[in-house]
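The sequence shown: position 267 = 249 (our numbering), numbered continuously. Quick reminder that beta carbons are idealized off the backbone N, C-alpha and C, glycines included. These notes concern the structure reproduced below.
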Amino acid sequence: MTFQIITLYPHHLSDPLFENICNLVRNQKQKLCAIQDQQDNTIIQHDEDLAVLEKSVLYVRKSYKYLYNKLEKKSADGLKRFLITGTSGIGKSCFLIYVLIQLLCDDVTVIFQPLNDKYFYCFKNLTVTRGTYDDFLSLLGSPTTWYLADGAISPKLVQATTVVSLSPNGIATKDFQEFEKRHPVEYYMGPWTLEELLSCRKHVFPLVPKEIVTNLFHKAGGVPRYVLQNVEVSIRNVIGNNIGHEGRPDAKEMEIVEKEACKRIELAISETDDFDKIIKCFTENEGTYVEISNRIVHRIPDETHCDYHYEWASAYVFDRIQERLEEKAWVDCLHKIRIMRNPYEASARGFLFECYAIHLFRTGNQKFEVRKLRGEEKDQFSIHRKPNAGFVRNLSDLLKYSGENIVIVPDKQNFGAVDLFVTPNCIFQVTVSEHHPIKQVELTKVITSMPVYISDQNAKIQLYFVVPDDIYDKFEHQIYTTRDKDSNEDRKVLRIDSAIKNVEQWALKVQINPILEE
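Printed below as a string of structure tokens:
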């Protein structure tokens, strides 16, 4: 009798956490398919931990569903390479697991490449196999296969529909350029809202106290790595199982945990003391500074997730940076704004111009030329030296400021239509673009929360567009927009809301270029 010896190579053994994903889809397929059609943030829960997450719960953001829908439609149109990027720690890897789950619900063959793992994982017929790239070469050569590469700096160039999730510091490397030469469709993932973080805390990170989440959000911004994940690690490292009364950290323990969780943010702030370093954050060819920028400057996508602009991670970060920048640095900032003319620098130029404009308002002793955008009226707008300053996190905070000439900086997360207030009745939007439409719903919410409007609904509200001198003379009256229900795109409003009928639009000139003497 002849016996055949079969050798089972170790790399063909699978990972239990990836097998758990197959089990999840097998047991909850109908429910998982329905999640994609639901409009709100939802959760996917399993009995066992899932790969990459190392948690049994996946928090599914509304944006995940939007982006997955985009991937489906674009791939059906014949596009085969996609890049998902955004601020580091934003949840791109979690999104890739959501994509994997939805593809498995549709019985698609998927090859998954985890971050820093030499093995690939093949999902076919709800069975997962681990192997090398060569093991799955034939499947990766099929256009019906999907290849998901998590954090891959050198993703494989294959015929399979490819989705790479990668942070900006990974994109900045030379190794990634071969993939980028293939012109992948890029989508940007945005920071989380406080509501999303608190909901995720409840379902995924219950060990993390709500107070710490809120405090860190206002310091680090909407990045779950800093606000949730690092905090959980800090609690386990600093406190262990000896948590204070009633299973929660006491005041001293919370202070230690917050400080530990904020270390990388504070380090990034301490290393940013001039605008040269901030500029390098935007060039995406200086790996060190791109890594720093991800902690203090966030990429905020537009509603299509196809483009983005820069914002400080939080008002706290901006205040700390301002403290470190001397007057010479602001002169340098002005010079940078002057020379940034290329279209690909528009987002960075807009960010720096907003920083500079807010700095002028907050330091004061300024007179600006202004003109009304309907009619011929011209005037001056003055800010006295070192004006009273305020900060508002939400609309109700506006009620705290009933005095005059108070410069108020709002939390950008909650004030989409405003960059600055000057009490009692002045609203400011900072822009370097000649076209800056206003979302009527957002502006209405702001105006109806202003003390001056609450006391007199016929009060005149002045909306100033703060613009550089090179577009001041040609800047025109801006339209109010709303979201069209059919196309899901912004369009001009058909009827002006009563709350903004008394709004006057003005342009305010910030002199960027040197004034030439005649």
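Through-space distance from residue j to residue i, alpha-carbon basis
| i | j | result |
| --- | --- | --- |
| Glu54 | Gln487 | 42 Å |
| Val412 | Lys37 | 42 Å |
| Lys456 | His417 | 11 Å |
| Asp89 | Trp128 | 11 Å |
| Tyr206 | Arg356 | The identity of residue 206 in the sequence shown is Pro, whereas the question assumes Tyr. Going by the C-alpha atoms only, they are around 45 Å apart. |
| Glu1 | Val110 | 6 Å |
| Arg367 | Leu180 | 40 Å |
| Ile340 | Leu86 | 49 Å |
| Thr143 | Lys491 | 49 Å |
| Cys337 | Val448 | 12 Å |
| Phe397 | Met432 | 13 Å |
| Pro125 | Ala131 | 16 Å |
| Glu214 | Lys74 | 19 Å |
| Ile62 | Tyr454 | Contrary to the premise, residue 62 reads as Lys rather than Ile in this sequence. Answer to the nearest angstrom: the Cα atoms are 43 Å apart. |
| Gln27 | Met322 | 48 Å |
| Thr155 | Leu381 | 48 Å |
| Pro96 | Arg112 | 11 Å |
| Asn495 | Arg375 | 34 Å |
| Asn276 | Thr69 | 5 Å |
| Lys318 | Cys408 | 29 Å |
| Leu445 | Lys360 | 14 Å |
| Ile153 | Lys427 | 38 Å |
| Pro191 | Ile238 | 13 Å |
| Ile436 | Val209 | 36 Å |
| Lys56 | Asp468 | 20 Å |
| Ile365 | Gln348 | 5 Å |
| Ile17 | Ile25 | 9 Å |
| Asn484 | Ala441 | 7 Å |
| Leu139 | Glu305 | 47 Å |
| Lys184 | Asn212 | 16 Å |
| Lys44 | Glu358 | 46 Å |
| Leu476 | Thr463 | 9 Å |
| Lys13 | Cys4 | 14 Å |
| Glu502 | Lys11 | A question about residue 502 goes unanswered here, because the residues of the chain that appear run from -17 up to 500. |
| Leu425 | Glu308 | 34 Å |
| Arg353 | Phe363 | 10 Å |
| Ile135 | Glu162 | 10 Å |
Cβ-Cβ distance between residue i and residue j below 9 Å
| i | j | result |
| --- | --- | --- |
| Phe64 | Pro150 | no |
| Cys104 | Leu82 | no |
| Asp502 | Ala33 | There is no way to answer for residue 502, as the model of the chain reaches only from -17 to 500. |
| Asp117 | Phe102 | yes |
| Leu40 | Val195 | no |
| Pro369 | Phe343 | yes |
| Val414 | Phe335 | yes |
| Asp472 | Glu285 | yes |
| Glu235 | Asn197 | no |
| Met171 | Ile261 | no |
| Thr175 | Gln20 | no |
| Thr430 | Ala481 | yes |
| Ala311 | Asp379 | no |
Nonlocal neighbours in the same chain, by C-beta distance under 8 Å from residue i, ignoring five residues either side
| i | result |
| --- | --- |
| Glu386 | Thr405 and Pro406 |
| Tyr292 | Phe264, Val279, His280, Arg281, Ile282, Ser329, Ala330, Gly332 and Phe333 |
| Leu49 | Ile66, Phe77, Tyr169, Met171 and His287 |
| Thr91 | Cys104, Phe105, Lys106, Leu121, Ser124, Thr126, Thr127 and Trp128 |
Spatial neighbours of residue i in its chain, beta-carbon cut-off 6 Å, leaving aside the 5 residues before and after
| i | result |
| --- | --- |
| Gln493 | Asp451 |
DSSP state of residue i mapped onto helix, strand, coil
| i | result |
| --- | --- |
| Gln521 | Residue 521 lies beyond the residue range present for the chain, which begins at -17 and ends at 500; the question has no answer from this structure. |
| Met236 | helix |
| Asn484 | coil |
| Phe102 | strand |
| Lys138 | coil |
| Pro450 | strand |
| Ala173 | Note on residue identity: the sequence assigns Pro, not Ala, to residue 173. Coil. |
| Ala295 | coil |
| Cys408 | strand |
| Gln159 | helix |
| Asp31 | strand |
| His227 | A caution first: His227 carries a pLDDT of 44, below 50, which makes its placement in the model too unreliable to give a value. |
| Glu351 | strand |
| Ser329 | helix |
Sequence-distant residues of its chain with Cβ nearer than 7 Å to residue i (five each side left out)
| i | result |
| --- | --- |
| Glu458 | Leu355 |
| Cys76 | Leu35 and Leu40 |
| Val434 | Pro406, Asn407 and Ala441 |
| Gly226 | Low per-residue confidence applies at Gly226: pLDDT is 48, beneath 50, and the placement is therefore not dependable, though the value from the model is reported in the following sentence. For Gly226, where only same-chain residues beyond five positions count, the Cβ hits under 7 Å are Asp232 and Glu235. |
Cβ distance (whole Å) where residue i is taken to contact residue j below 8 Å
| i | j | result |
| --- | --- | --- |
| Ala295 | Ala202 | 6 Å |
| Leu108 | Val7 | 6 Å |
| Pro231 | Ile251 | About 25 Å separates the two Cβ atoms, so there is no contact after all. |
| Pro173 | Ile72 | 6 Å |
| Phe403 | Ile390 | 4 Å |
| Gln422 | Asp479 | 6 Å |
Neighbour flag for residue i against chain D, beta carbons, 9 Å
| i | result |
| --- | --- |
| Arg63 | Of the protein chains in this structure there is only one, and it is not chain D. |
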